[in-house]
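**Q** Quick note on this note's numbering: the sequence shown kicks off at 6 and runs consecutively. Using N, Cα and C, we set each Cβ at its ideal position, and we do this for glycine too.
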Amino acid sequence: MVAPSPAILVLEDGTVFNGRSVGAAGERACELVFNTAMTGYQEILTDPSYRGQGVVMTYPQIGNYGCTEADDESNRCWAETMIMRECSPIYSNWRAECSLPEYLEQHGVVAIDGIDTRELTLKLRKQGEMRAVISTDNLDHQTLLAKARAHQSLDGRNLAIEVSCKSSYDWSEALPDRFNFPEMASSDNLEDISSRPIPLVVYDFGVKRNILRCLVSAGFAPTVVPAKTTAAEVLAMNPEAVFLSNGPGDPAAVVGAPDNIRELANQGLPILGICLGHQILAHVFGASTMKMKFGHHGVNHPVIEMESGRIDITSQNHSFAVDPGSLEGTGLIATHRNGNDDSIEGMRHTEMAVFSVQYHPEAAPGPHDAAHLFARFRQLVLDNQHQSA
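(1) Decide if Gly334 is buried, meaning its Cβ has at least 16 other Cβ atoms within 10 Å, or exposed.
(2) DSSP puts Pro94 in a beta bridge; with which residues?
(3) Please report the straight-line C-alpha distance between Pro275 and Leu105, rounded to a whole angstrom.
(4) Just tell me which of Val61, Glu17 and Asp76 has its CA closest to the CA of Gly45.
(5) Between Phe325, Gly300 and His341, which has its C-alpha nearest Ser313's C-alpha?
(6) When the Cβ atoms of the region 103-118 are set against those of the region 84-95, are three or more pairs found closer than 8 Å?
(7) Following the continuous beta strand (DSSP E) through Ile13, name the residue where it begins and the one where it ends.
(8) So does the region 300-319 actually touch the region 31-46, counting three or more Cβ pairs closer than 8 Å?
(9) Taking the alpha helix (DSSP H) that His146 belongs to, which residues open and close that run?
(10) Looking at Gly261: is its Cβ nearer than 8 Å to the Cβ of Ala165?
(11) Should Gly273 go down as buried or exposed, given a rule of 16 or more other Cβ atoms within 10 Å for buried?
(12) To which residues does DSSP link Phe360 through a beta bridge?
(13) On the DSSP bridge assignment, give the partners of Ile309 in chain order.
(14) Could you tell me which residues DSSP pairs with His301 in its beta bridges?
(15) Keeping to the same chain, check which residues put their C-beta closer than 7 Å to that of Val15; ignore five residues upstream and five downstream.
(16) Straight-line CA distance for Pro202 to Asn243?
(17) For Gly28, count neighbouring Cβ atoms within 10 angstroms of its own Cβ and tell me buried if that reaches 16, exposed if not.
(18) With a threshold of 16 other CB atoms inside 10 Å of the CB of Ala236, please say whether the residue is buried or exposed.
(19) Is DSSP giving Pro228 helix, strand or coil here?
(20) Would you mind reading off the limits of the alpha helix (DSSP H) that contains Glu4?
(21) Within its chain, find whatever has a CB closer than 7 Å to the CB of Ala296; leave out the 5 residues flanking it on each side and keep chain order.
(22) Identify whether Thr122 lies in helix, strand or coil by the three-state DSSP scheme.
(23) Where do the N-terminal and C-terminal ends of the alpha helix (DSSP H) with Asn389 fall, by residue?
(24) Could you check if Gln363 is buried or exposed, using at least 16 other CB atoms within 10 Å of its CB as the buried criterion?
(25) Count the other C-beta atoms from every protein chain shown that fall within 10 angstroms of the C-beta of Asn80, then say buried if there are 16 or more, exposed otherwise.
(26) Does DSSP classify Arg267 as helix, strand or coil?
(27) Given 8 Å as the limit, is there contact between the region 371-381 and the region 281-294, that is, 3 or more CB pairs closer than that?
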């Protein structure tokens, strides 16, 4: 067996971690976040929301069930790097097509293992998300430190435009039958859902495939459009609703999107936003967002629905949040709070058919507690149509 090549991780505060290369050769600068999921590493790597970020996996062994193309959430890996305590070179899974190290190398992802991820996670939790450089080529500490400090953080970066599709397309793939939960259906019967799908425009700020599958299974016919699509172009498609997807970067930097979405809301179209879409929706109505110290990245975040007291365990991936003090006078009210830090996890407009959540109801990876939100969206669209008739 060929001995692994050395790799090095240098943080902007000068901390150095020496480890082993378990992916492609090269050098990457990024902003580090930690993810507490035990599984779902392939979905994490291919989630466009991780553009510009390096992911520290807190679970001690990653990769033991291998990788399969069917689990990709987009057409490429978007995470800049993955950092692990141990990356398993062997796997046991009847679906797997290759090992995680093979997958990382095939997709050009520079990755490192053999470091103390507990120490690194505690540092990020205490000091906040940090810029860093990982390298298998240049192992000089001072050179890499200078590059880490010169790297631009996520603040002010419109990364959604980098991951968005270049042209519109229709999506028709639904969830596999084994994952098509009853909660996905609204009060309509399943026959009605399949016989008249609701035309829906999906703004692609970095949409995941499983979101699109969930929308189809909930009775929608999604047309995915680029992030810069104008309101006039959307209205020309005659949709009955609009969906704002997840995505990377600073929501305040997504230029043009709030104006377009505001016009669509004023036209009476029902709107659902998820993750970055939730944050952009806040800007649409005059609220603001803020950078979190270390964000929420994992699959076990408790979310409380304030009206009912219902608690959903959710999958989350965000470094920004809606500023709760900015909602007054916007027409938006908070509907969900995080059970750990009380941050806003959901909101709705008091007069328009508009609501949003900060978390990922589609999971991939993660629990399906919140899958009912897709059915709720469909019911909102149907109710809005009846009121307009």
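**A** Result, derived from the coordinates:
(1) Position 329 of the sequence shown, counting from 1, holds the residue named residue 334. With fewer than 16 Cβ atoms within 10 Å of its Cβ, Gly334 is classed as exposed.
(2) As a first step, residue 94 must be located in the sequence shown, where it is residue number 89. BP columns for Pro94 are empty, so no partner.
(3) Translated into positions along the sequence shown, residue 275 becomes position 270. Translated into positions along the sequence shown, residue 105 becomes position 100. Cα to Cα, Pro275 sits roughly 41 Å from Leu105.
(4) Translated into positions along the sequence shown, residue 45 becomes position 40. Of the candidates Val61, Glu17 and Asp76, the one whose C-alpha sits nearest the C-alpha of Gly45 is Asp76.
(5) Locating residue 313 in the sequence shown gives position 308, counting from the first residue. Considering only alpha carbons, the answer is His341.
(6) yes
(7) On the sequence shown, position 8 is the one that residue 13 refers to. Segment Pro11 to Leu16, the beta strand (DSSP E) holding Ile13.
(8) yes
(9) Start at 1 with the first residue of the sequence shown, and residue 146 comes out as number 141. His146 -> alpha helix (DSSP H) spans His146 to Ala155.
(10) As a working mapping, residue 261 is identified with position 256 in the sequence shown. As a working mapping, residue 165 is identified with position 160 in the sequence shown. Cβ distance not < 8 Å, so Gly261 and Ala165 don't count as in contact.
(11) Within the sequence shown, the letter at position 268 stands for residue 273. Gly273 comes out exposed.
(12) Indexing the sequence shown from 1 puts residue 360 at position 355. According to DSSP, which records beta bridges pairwise, Phe360 is partnered with Leu277 and Arg353.
(13) The count along the sequence shown starts at 1 and reaches residue 309 at position 304. Per DSSP, Ile316 and Arg342.
(14) Here the question's residue 301 lines up with position 296 in the sequence shown. Bridge partners of His301: His323.
(15) One-based indexing of the sequence shown puts residue 15 at position 10. Around Val15: Val21, Ala137, Val138, His146, Leu149, Leu150 and Ala153.
(16) Here the question's residue 202 lines up with position 197 in the sequence shown. Here the question's residue 243 lines up with position 238 in the sequence shown. Their backbone Cα atoms lie some 14 Å apart in a straight line.
(17) As a first step, residue 28 must be located in the sequence shown, where it is residue number 23. So Gly28 counts as buried.
(18) Position 231 of the sequence shown, counted from the start, is the residue given in the question as residue 236. The residue in question, Ala236, is buried, as its Cβ has 16 or more Cβ neighbours within 10 Å.
(19) As a first step, residue 228 must be located in the sequence shown, where it is residue number 223. In the sequence as displayed, the identity of residue 228 is Thr instead of Pro. Residue state, collapsed to three classes: strand.
(20) Outside the modelled stretch of the chain, which goes from 6 to 394, sits residue 4, for which no answer is possible.
(21) Translated into the one-based positions of the sequence shown, residue 296 becomes position 291. The displayed chain sequence assigns Lys, not Ala, to residue 296. If we look at Lys296 and ignore the five residues flanking it on each side, its Cβ neighbours are Asp160, Ser324 and Phe325.
(22) In the sequence shown, residue 122 corresponds to position 117, counting from 1. Thr122 falls in the helix class under three-state DSSP.
(23) Locating residue 389 in the sequence shown gives position 384, counting from the first residue. Note, Asn389: alpha helix (DSSP H), His377 to Ser393.
(24) Stepping through the sequence shown from its first residue, residue 363 is reached at position 358. By the neighbour-count rule (16 or more Cβ atoms within 10 Å), Gln363 is buried.
(25) Taking the sequence shown and counting its residues from 1, one reaches residue 80 at position 75. That one is exposed.
(26) Your numbering for residue 267 matches position 262 in the sequence shown. DSSP places Arg267 in helix when its eight states are reduced to three.
(27) no
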